[in-house]
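Below: one structure, written as structure tokens.
2 protein chains.
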Amino acid sequence: MDDAPLKIGIAGLGTVGAAVFRLLEDNGALIAARLQRPVRVTAVSARSRKDRGLDLSKVKWHDDPAALADDENVDLVVELIGGAEGAAFDLVRKSLGNGKPVVTANKALLAARGGEILRLLENGPENGKRTLSYEAAVAGGIPVIKALREGLVANEINAVYGILNGTCNFILSQMRGTGGKFGDVLKEAQAKGYAEADPSFDIDGIDAAHKLSILSGLAFGCVPDPASVRTQGIRDITGVDIAFADELGYRIKLLGIARRTARGIEQSVEPCLVPKNIPMAHIEGVENAVYIDGGHAGKILLTGAGAGGSATASAVVADIIDAARGGAGLPLFGRADPQTMQTADTAARTGSYFLRLTVLDQPGVIADVSAILRDCRVSLESILQRGRAPNQPVPVILTSHETLEGDMLKAAEKIGRLGSSVEPPHLMRIETFERDPLQ
Amino acid sequence: MDDAPLKIGIAGLGTVGAAVFRLLEDNGALIAARLQRPVRVTAVSARSRKDRGLDLSKVKWHDDPAALADDENVDLVVELIGGAEGAAFDLVRKSLGNGKPVVTANKALLAARGGEILRLLENGPENGKRTLSYEAAVAGGIPVIKALREGLVANEINAVYGILNGTCNFILSQMRGTGGKFGDVLKEAQAKGYAEADPSFDIDGIDAAHKLSILSGLAFGCVPDPASVRTQGIRDITGVDIAFADELGYRIKLLGIARRTARGIEQSVEPCLVPKNIPMAHIEGVENAVYIDGGHAGKILLTGAGAGGSATASAVVADIIDAARGGAGLPLFGRADPQTMQTADTAARTGSYFLRLTVLDQPGVIADVSAILRDCRVSLESILQRGRAPNQPVPVILTSHETLEGDMLKAAEKIGRLGSSVEPPHLMRIETFERDPLQ
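These protein sequence lines are chains R and G, in that order. FYI, the numbering for the first sequence is 2 to 440, going by this note's numbering. FYI, the numbering for the second sequence is 2 to 440, going by this note's numbering.
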């Protein structure tokens with residue numbers, strides 16, 4: 002047992018920061034027994050001094066978070082300010098510059114400025130010794146960064162799929178469970194604190210795209226490039242989609258998909274139909290899940306609490322302890338010389354698709370639709386129309402056999418231009434997780 | 002990049018040993034790029050020199066595995082001999098004594114001789130620097146030891162549940178899928194290489210109990226004690242059990258359960274009914290799964306390939322790389338001073354139960370059974386009897402409300418002694434994974 006405590010400075014005392022503070026207090030004896038060294042918070046910085054129910058009497062307060070980097074009584078800096086700009090980046094730069102390991106939960110920073118962080122880690126005389134850890138940035142308390150970077154280190158990763166946004170998964174689970182409409186369930190999520198007042202960051206898939214780009218960078222040894230992720234959210238999903246998906250044997254999930262293909266790295270965030278007979282379909286509520294096609298290791302699924310203060314704090318403290326043990330693992334993004342992300346167009350992939358049309362219930366509509374699909378080389382698997390409503394708008398659900406996504410998109414666009422189409426068609430991928438590596 | 006390779010000696014060239022050799026060859030460049038140092042097999046030892054399709058021309062052959070410990074050209078020893086006795090233990094003792102890190106997949110050794118290995122690690126002048134890693138001993142390619150020991154290091158673990166034996170899970174999945182009988186499906190598993198000629202080690206739950214005791218030791222900071230695991234296999238499961246479980250909304254899985262309770266650590270391996278609406282119910286075939294109730298981190302599920310050469314090799318190589326990075330993690334069993342396992346009697350736990358009776362179809366039988374249950378304080382939730390066959394043996398399925406397991410066992414025993422009982426009742430726990438911590 003080394004009696005000298007590891008001295009921690011925490012920047013940001015929001016939900017996660019306060020939970021890290023509490024976890025280190027609650028489980029202090031346990032953590033010391035495991036690490037064989039106590040861990041103590043010696044300094045904090047936050048925007049205001051409002052009461053958070055934390056006993057800060059023994060810690061130094063800094064109004065300026067960057068001061069933590071210079072505090073001689075801080076060995077390791079925990080950055081929980083968030084955001085890719087300003088204070089968070091300054092603190093990271095200064096801390097690494099002063100030779101202090103950094104632990105962060107900041108997915109925006111890693112996704113947007115991964116290349117700059119790499120250079121900060123490489124610079125300076127102690128080249129290679131600087132560490133920044135980010136287990137908490139993706140999938141909350143699930144140790145997915147560790148699994149990918151260390152547990153599966155021996156494998157060429159083929160693909161990473163994830164349910165990476167708890168807000169969206171909660172909304173989709175609730176819509177299915179209660180039959181509620183998107184807008185109403187979103188309001189419920191906001192009331193429960195699962196969605197922000199401005200929910201677009203979550204429901205438009207941006208948050209999931211940040212996380213996917215980090216997983217993708219780590220899996221394939223590249224600098225994350227969130228701009229190259231084809232991103233589609235869940236605003237357009239209706240009860241009709243959910244009910245027909247269910248009838249066809251599927252659940253709708255907002256999936257992040259990153260795959261190594263012969264054409265480059267394919268990356269998307271999009272609602273997909275997932276077969277009900279696999280575990281991924283049964284991830285409900287605010288849970289997250291990450292599925293890794295890991296070469297020799299086979300296919301691995303990790304699920305659990307993807308957000309929330311204490312689950313995220315568990316990941317932050319795991320990183321602190323790794324750093325205390327002298328180095329938080331292997332290179333930041335999978336290899337010492339990460340590449341620029343070469344991305345593959347998702348339109349070039351193949352798969353089966355689910356297409357919801359809203360058309361006038363008139364003779365000849367299905368014939369028009371079928372002709373378009375034939376012309377676009379799309380082979381139909383099923384057409385479902387429940388109930389009749391002559392000359393009224395009705396939903397018609399089509400599913401395709403294996404087809405090129407580009408062909409499917411073209412067909413959907415042409416169908417949308419038919420006179421009988423009263424709403425734009427809604428296209429979703431049926432994801433069976435069974436494509437061959439590199440295909 | 003450190004150009005000096007890490008030199009590996011492998012003892013045992015069975016399925017896993019050969020797969021480790023191949024993985025280090027196939028992914029050598031990738032591993033070197035990640036570790037920033039090449040890894041090279043320099044010496045091997047195996048029982049025979051038969052052709053395994055491996056190019057051993059550049060490695061030294063030792064007839065005696067213990068010679069790997071003394072080979073100056075070996076930095077790290079991989080023990081894949083197996084078994085708790087003899088050659089495997091000798092090699093581990095000698096290697097650690099010579100200051101060489103050991104990586105092993107040997108669950109029997111860890112389960113049976115964990116205390117001795119602890120003392121080997123503690124002895125010698127380099128106290129605390131010796132390492133033995135065992136990711137490959139439990140759940141094949143799923144990084145569950147790393148998740149528990151490092152990813153969840155900040156948490157007081159409440160419980161660990163696992164589907165830990167692929168042979169049993171394959172048999173149960175096949176019985177459900179095909180309607181086949183236990184004996185026939187076992188033969189199919191043997192033909193596919195999923196079960197041994199003598200299958201008892203797997204189907205009687207012994208292998209799962211070894212693995213559970215390792216997870217339990219690590220989770221709760223104790224020396225593994227497989228003898229204290231209440232162990233029941235799957236020989237007695239029939240198509241009737243599977244069909245009625247399905248009708249009631251459950252799947253049957255051979256579960257390992259290790260829980261921290263107010264009475265001590267409760268440990269069992271037993272077939273349980275698992276609700277169909279959770280991911281654990283959808284782990285099929287030879288897959289494994291580990292579910293961890295991790296305190297602050299929440300509940301985490303990890304699933305994937307639990308056996309097979311290349312998945313297990315992935316875990317072995319991950320341990321090699323951890324060791325090369327200078328230390329394979331935190332204390333062997335969760336804390337520096339692991340305790341003797343204080344176990345809780347499983348009869349003292351509560352839960353709902355599924356009881357299959359085989360009784361003569363006669364008036365009054367249900368009244369007799371009901372009276373026994375009442376006298377034993379068991380509250381019935383449902384009774385199912387499909388079809389009639391006067392004076393012939395018929396299956397009757399009972400499910401209970403929350404009850405004390407000891408009461409349920411007493412009731413089953415008394416029912417078995419009724420004149421109308423033609424086979425011993427078959428009792429299984431309904432496991433919902435929802436007991437409160439410490440209860």
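All C-beta atoms, glycine included, are put in the ideal place defined by N, C-alpha and C.
Flag this pair as touching only if the region 52 to 65 of chain G and the region 31 to 40 of chain G have three or more C-beta atom pairs under 8 Å; answer yes or no. Contact fails: fewer than three Cβ-Cβ distances are below 8 Å.
Please classify S49 of chain R: is it buried, with 16 or more other beta-carbons within 10 angstroms of its beta-carbon, or exposed? exposed
Where do the N-terminal and C-terminal ends of the beta strand (DSSP E) with R357 of chain G fall, by residue? That run of the beta strand (DSSP E) goes T351 to L361.
From the DSSP output, which residues share a beta bridge with V75 of chain G? Its beta-bridge partners do not exist; DSSP assigns none.
Tell me, which residues are paired with V270 of chain G by DSSP? According to DSSP, which records beta bridges pairwise, V270 of chain G is partnered with G:T232 and G:G257.
CB contact flag (F171 of chain R, A246 of chain R, <8 Å): no
Reducing DSSP to helix, strand and coil, say where G152 of chain G ends up. helix
Any beta-carbon of chain G closer than 8 Å to the one on N128 of chain R? Note that N128 of chain R scores a pLDDT of 48, beneath 50, so its modelled location is shaky; the value from the coordinates is reported in the next line. Judged by the 8 Å Cβ criterion, N128 of chain R is not in contact with chain G.
Are the C-beta atoms of V366 of chain R and some chain G residue less than 8 Å apart? no
What number of angstroms, rounded off, separates the C-alpha of L111 of chain R from the C-alpha of K212 of chain G? 37 Å
Counting contacts by CB-CB distance shorter than 8 Å, is K212 of chain G in contact with chain R? no
N128 of chain R: buried (16+ other C-beta within 10 angstroms of its C-beta) or exposed? With a pLDDT of only 48 at N128 of chain R, under 50, the local geometry of the prediction cannot be trusted, and no value is derived from it.
Please report whether the beta-carbon of H427 of chain R lies at a distance below 8 Å from any beta-carbon of chain G. no
Compare the C-alpha of G83 of chain G against each of G:N107, G:G100, G:R94 and G:L165 and name the closest. G:N107
Cβ closer than 8 Å: which chain G residues qualify as neighbours of K300 of chain R? G305 and A306
Proximity below 8 Å, CB of Y135 of chain G to CB of G257 of chain G: Against a cut-off of 8 Å, the Cβ pair of G257 of chain G and Y135 of chain G comes out as no contact.
Quick one: grab the DSSP three-state call for C377 of chain R. In this structure, C377 of chain R counts as coil in the three-state DSSP scheme.
Please go through the same chain and pick out, in chain order, the residues whose beta-carbon is closer than 7 Å to the beta-carbon of G310 of chain G, but skip the five residues on each side of it. T16, V17, A19 and A20
By DSSP, does A88 of chain G sit in helix, in strand, or in coil? helix
Are the CB atoms of T344 of chain R and S422 of chain R within a distance shorter than 8 Å? no
I'd like the list of long-range same chain contacts for L419 of chain R, defined as Cβ closer than 7 Å, with 5 residues on each side in sequence excluded. D369
Is the Cβ-Cβ distance between K101 of chain G and L122 of chain G less than 8 Å? no
What does A319 of chain R reach in chain G if we use C-beta pairs closer than 8 Å? E151, G152, L153, V154 and A155
Name the residue from R:V60, R:D242, R:I204 and R:I143 whose alpha carbon lies nearest to the alpha carbon of V397 of chain R. Closest option to V397 of chain R, judged by alpha-carbon separation, among R:V60, R:D242, R:I204 and R:I143: R:D242.
CA-to-CA distance, A85 of chain R to S96 of chain R, given in whole angstroms: Straight through space, the alpha carbons of A85 of chain R and S96 of chain R are spaced by roughly 16 Å.
Please classify K300 of chain G: is it buried, with 16 or more other beta-carbons within 10 angstroms of its beta-carbon, or exposed? buried
For I32 of chain R, I'd like the list of residues in its chain whose CB is within less than 6 Å of its CB, leaving aside the five on either flank, ordered along the chain. V40
Taking 8 Å as the CB-CB limit, is A297 of chain R close to chain G? Residue identity differs from the one stated: residue 297 of chain R is His in this sequence, not Ala. So yes, H297 of chain R belongs to the interface.
Where S486 of chain R falls, given that 16 or more other Cβ within 10 Å makes a residue buried: Outside the displayed span of chain R (2 to 440) sits residue 486 of chain R, for which this structure offers no information.
Output needed for I164 of chain R: all residues of its chain with C-beta closer than 6 Å, excluding positions within five of it in sequence on either side, in chain order. N170, K254, I284, N289 and A290
Integer Cβ distance of D362 of chain G from V318 of chain G, believed to fall under 8 Å: Wrong, their Cβ atoms sit about 59 Å apart, outside the cutoff.
T168 of chain G to I207 of chain R span [Cα, whole Å]: 42 Å
Closer than 9 Å by beta-carbon distance: list the chain G residues that pair up with K8 of chain R, in chain order. Within 9 Å Cβ-Cβ: nothing; K8 of chain R doesn't reach chain G, min ~17 Å.
By the criterion of Cβ-Cβ separation under 7 Å, what are the contact partners of I143 of chain G in chain R? I301
So S417 of chain G is in the alpha helix (DSSP H); what residue range does that whole segment cover? Rather than Ser, the amino acid found at residue 417 of chain G in this sequence is Gly. Run containing G417 of chain G: E406 to G417, per the alpha helix (DSSP H) assignment.
At 8 Å on the CB atoms, spell out the chain R contacts of L36 of chain G, in chain order. V154 and L331
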